[in-house]
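Following: one structure in structure tokens, then a few remarks.
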Amino acid sequence: MSSDTTQNNKEKEYKPDSSLDQELRPSTWDEYIGQESIKKNLHILLEAARQRGSSPEHILFYGPPGLGKTTLAHLIAKHTSSQIKITSGPSIEKVGDLASILTNLNSGDILFIDEIHRLNKSIEEVLYPAMESGVLDIVIGKGPSARTVQLELPSFTLIAATTRISMLSSPLRSRFSGGIHRLEFYTEEEIGKIVDRSSKILEVNNDPEAIREIAKRSRQTPRTANYLLKRCRDYCQVHKVELNKDSVDKTLEMLDIDEVGLSKSDKTVLNTLINKFNGGPVGLHTLAMSISEEPSTVEEFNEPYLIQLGFIERTSRGRVATEAAYLHIGMEPPSNLQNKLIS
Numbered sequence: 001m002s003s004d005t006t007q008n009n010k011e012k013e014y015k016p017d018s019s020l021d022q023e024l025r026p027s028t029w030d031e032y033i034g035q036e037s038i039k040k041n042l043h044i045l046l047e048a049a050r051q052r053g054s055s056p057e058h059i060l061f062y063g064p065p066g067l068g069k070t071t072l073a074h075l076i077a078k079h080t081s082s083q084i085k086i087t088s089g090p091s092i093e094k095v096g097d098l099a100s101i102l103t104n105l106n107s108g109d110i111l112f113i114d115e116i117h118r119l120n121k122s123i124e125e126v127l128y129p130a131m132e133s134g135v136l137d138i139v140i141g142k143g144p145s146a147r148t149v150q151l152e153l154p155s156f157t158l159i160a161a162t163t164r165i166s167m168l169s170s171p172l173r174s175r176f177s178g179g180i181h182r183l184e185f186y187t188e189e190e191i192g193k194i195v196d197r198s199s200k201i202l203e204v205n206n207d208p209e210a211i212r213e214i215a216k217r218s219r220q221t222p223r224t225a226n227y228l229l230k231r232c233r234d235y236c237q238v239h240k241v242e243l244n245k246d247s248v249d250k251t252l253e254m255l256d257i258d259e260v261g262l263s264k265s266d267k268t269v270l271n272t273l274i275n276k277f278n279g280g281p282v283g284l285h286t287l288a289m290s291i292s293e294e295p296s297t298v299e300e301f302n303e304p305y306l307i308q309l310g311f312i313e314r315t316s317r318g319r320v321a322t323e324a325a326y327l328h329i330g331m332e333p334p335s336n337l338q339n340k341l342i343s
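Residues 1 to 343 (the numbering used here) are what the sequence shown spells out, left to right.
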């Protein structure tokens, strides 16, 4: 066998995880599981725009990371046969960056801006007329000699995604006339369907019990589900075993992910809150400092899922562990717990 043939076989056999992530991303509406209400609304919006022969109106998706905001943008582009240009809020540092992006769009293109809440406010103001009137206002010169030049832009659709919708200014939010859609967490059944599809793409054994176990521990998030599936695949490949409940349990035990999907850092937050602060109430900054973590990390990564499970409640005095949290770590709830929760 020639060296060229051997190299080709290797390229077919091994694929980097970045390309696998692209393969796992749904490419049709039927493959996109969950978010049924959003899909129905988008279908009406896109079909109406197609019948009018115009570009769809601007759309904003928001919600926790990993729920499929970027995938929806790609599906809209494919459905409308449009070119999609992708950027992010932090990468647009100057007004000139945005001007360059907008002036290079063609008619019917889709501009996708991820993490749009991180746009500079001065850049937001340039975006307003571009979204509303299809023009770009550029100030040339400084001082008394400064003048405004108005450039006509081709018809385009802005699709934006954010995990922090509260950080978007009201004028910017109001210009998403095509709709503002909140992506919900997925049910265990929906996650199971996603894992089942991904297992077929990854060509691993799609044992029903193994799929259920991964779905149960995936924090109701497709990105996490696919991550856990890939790590289970790696374990099975190295140890030369089939993907089943036993191998999934061993993989997730190595990753320190418990039976409800809590990570090591989640359990550290919970145990610190209960054992060090007697279940609370305790302030976010104090809690974060006690575990040597950034407050934003605790607030944005740990807390949403702990609150979703009913393990933590936010009160006016701080964070409090609930009865379910005590029972989860094998402790009896204190007798004064109810007073803490209503304080």
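Yeah, the Cβ is synthetic: ideal placement off N, Cα and C, and Gly gets one too.
Looking at the structure shown, is residue 33 part of a helix, part of a strand, or coil, going by DSSP? Numbered from its first residue, the sequence shown carries residue 33 at position 33. The answer is coil: DSSP assigns residue 33 none of H, G, I, E or B.
If you pair each beta-carbon of the stretch 161-168 with each one of the stretch 185-199, do three or more pairs fall below 8 Å? Taking 8 Å as the limit for Cβ pairs, the verdict is that the stretch 185-199 does not touch the stretch 161-168.
The alpha helix (DSSP H) enclosing residue 196, as first and last residue numbers: On the sequence shown, position 196 is the one that residue 196 refers to. Note, residue 196: alpha helix (DSSP H), 188-201.
Which value, in whole angstroms, describes the spacing of the CA atoms of residue 100 and residue 176? On the sequence shown, position 100 is the one that residue 100 refers to. On the sequence shown, position 176 is the one that residue 176 refers to. Linking residue 100 to residue 176 through their CA atoms gives a straight-line distance of about 22 Å.
With hydrogens ignored, establish whether the beta-carbon of residue 21 is closer than 6 Å to any heavy atom of the ligand COA. Looking at this structure, you won't find the ligand COA or any other ligand, since it has none at all.
Counted within 10 angstroms of its Cβ, other Cβ atoms place residue 238 as buried (16 or more) or exposed: For the purposes of this step, residue 238 is identified with residue 238 of the sequence shown, where counting begins at 1. Residue 238 counts as exposed, since fewer than 16 other C-beta atoms from the protein chains shown sit within 10 angstroms of its C-beta.
Per-residue burial, residue 247 [other beta carbons within 10 Å of its own, 16 or more giving buried]: The residue given as residue 247 occupies position 247 in the sequence shown. Buried, because 16 or more other Cβ atoms sit within 10 Å of the Cβ of residue 247.
Between residue 114 and the rest of its own chain, which residues show a CB-CB distance below 6 Å, the 5 nearest in sequence each way excluded? Numbered from 1 along the sequence shown, position 114 holds the residue referred to as residue 114. Residues 88, 161 of the same chain have their beta carbon placed closer than 6 Å to that of residue 114, with the five preceding and five following residues left out of the count.
Using only alpha-carbon positions, find the residue among 79, 119, 107 that is nearest to residue 90. As a working mapping, residue 90 is identified with position 90 in the sequence shown. Out of 79, 119, 107, the CA that lies nearest to the CA of residue 90 is found in 119.
Among the residues of its own chain, which have a CB less than 6 Å from the CB of residue 155, if the five just before and after it don't count? As a first step, residue 155 must be located in the sequence shown, where it is residue number 155. Within the same chain, residue 155 has close Cβ partners 55, 107.
Ranges of the beta strand (DSSP E) found wholly within the stretch 109-178, counting only runs of at least 3: Scanning the stretch 109-178 for uninterrupted beta strand (DSSP E) segments of 3 residues or longer gives 110-114, 135-140, 147-152, 157-162, listed from N- to C-terminal end.
Near residue 224, which residues of its chain fall below 7 Å by C-beta distance, leaving aside the five closest residues on each side in sequence? What you label residue 224 is simply residue 224 of the sequence shown in a count that begins at 1. Closer than 7 Å at the Cβ level, and outside the excluded window around residue 224, lie 66, 218.
Coarse secondary structure for residue 285, derived from DSSP in three states: The residue given as residue 285 occupies position 285 in the sequence shown. In the structure shown, residue 285 falls within a helical segment according to DSSP collapsed to helix, strand and coil.
Separation of residue 46 from residue 83, as counted between CA atoms: Counting from one through the sequence shown, the residue named residue 83 turns up at place 83. Counting from one through the sequence shown, the residue named residue 46 turns up at place 46. Note on geometry: alpha-carbon atoms of residue 83 and residue 46 lie some 15 Å from one another.
With a threshold of 8 Å on Cβ separation, who are the neighbours of residue 304 within its own chain once the five nearest residues in sequence on each side are excluded? Working through the sequence shown from its first residue, we reach residue 304 at position 304. Answer for residue 304: 64, listed in chain order.
Can you name the start and end residues of the alpha helix (DSSP H) that residue 211 belongs to? On the sequence shown, position 211 is the one that residue 211 refers to. In the DSSP assignment, residue 211 falls within the alpha helix (DSSP H) that extends over 208-216.
Where does residue 260 sit, in a helix, a strand or coil, going by DSSP? Residue mapping note: residue 260 aligns to position 260 of the sequence shown, counting from 1. Coil, per DSSP.
Between residue 327 and residue 260, what straight-line distance do the alpha-carbon atoms span, to the nearest angstrom? Along the sequence shown, read from residue 1 onward, the residue named residue 327 stands at position 327. Along the sequence shown, read from residue 1 onward, the residue named residue 260 stands at position 260. Going from the Cα of residue 327 to the Cα of residue 260 covers about 13 Å.
Suppose you measure from the CA of residue 76 to the CA of residue 220; what does that come to, to the nearest Å? For the purposes of this step, residue 76 is identified with residue 76 of the sequence shown, where counting begins at 1. For the purposes of this step, residue 220 is identified with residue 220 of the sequence shown, where counting begins at 1. So the alpha carbons of these two residues sit roughly 24 Å apart.
Might you give, ordered along the chain, the residues of its own chain that have their beta carbon closer than 8 Å to the beta carbon of residue 207, omitting 5 neighbours on each side? The residue given as residue 207 occupies position 207 in the sequence shown. Closer than 8 Å at Cβ, skipping near neighbours: 242, 243, 244, 245.
Within 10 angstroms of its Cβ, does residue 226 collect 16 or more other Cβ (buried), or is it exposed? Looking up residue 226 in the sequence shown gives position 226. When all chains shown are included, residue 226 counts as buried.
Residue 61 bridges to which residues according to DSSP? Mapped onto the sequence shown, residue 61 falls at position 61. Answer is 161, 181.
Go through the stretch 54-103 residue by residue and report every complete run of the beta strand (DSSP E) that reaches 3 residues or more, in order. The stretch 54-103 contains these whole beta strand (DSSP E) runs: 59-62, 84-88.
Let me check one thing: in DSSP terms, what residues is residue 321 bridge-paired to? To locate residue 321, count along the sequence shown from 1; it is residue 321. Secondary-structure assignment with DSSP links residue 321 through a beta bridge to 312.
Backbone CA spacing between residue 79 and residue 228 [nearest angstrom]: For the purposes of this step, residue 79 is taken as residue 79 along the sequence shown, with counting starting at 1. For the purposes of this step, residue 228 is taken as residue 228 along the sequence shown, with counting starting at 1. Those two C-alpha atoms are separated by around 30 Å.
With a threshold of 16 other CB atoms inside 10 Å of the CB of residue 8, please say whether the residue is buried or exposed. As a first step, residue 8 is located in the sequence shown; it is residue number 8 there, counting from the start. At residue 8, the pLDDT of 46 sits below 50, so the modelled position is not reliable and the matter cannot be decided from this model.
C-beta contact flag for residue 321 and residue 273 at 7 Å: Start at 1 with the first residue of the sequence shown, and residue 321 comes out as number 321. Start at 1 with the first residue of the sequence shown, and residue 273 comes out as number 273. Judged by their CB atoms, residue 321 and residue 273 are nearer to each other than the 7 Å cut-off.
Cβ pair residue 153, residue 134 closer than 7 Å: Stepping through the sequence shown from its first residue, residue 153 is reached at position 153. Stepping through the sequence shown from its first residue, residue 134 is reached at position 134. In this structure, residue 153 sits near residue 134, with a CB-CB distance shorter than 7 Å.
Beta-carbon separation (whole angstroms), residue 102 vs residue 73, contact threshold 8 Å: Position 102 of the sequence shown, counted from the start, is the residue given in the question as residue 102. Position 73 of the sequence shown, counted from the start, is the residue given in the question as residue 73. About 17 Å; that fails the 8 Å criterion.
I believe residue 214 touches residue 33 by the beta-carbon criterion, under 8 Å. Please report the beta-carbon distance rounded to the nearest angstrom. Residue 214 sits at position 214 when you count from the first residue of the sequence shown. Residue 33 sits at position 33 when you count from the first residue of the sequence shown. Between residue 33 and residue 214 the Cβ distance is about 15 Å, and since that is not below 8 Å, they are no contact.
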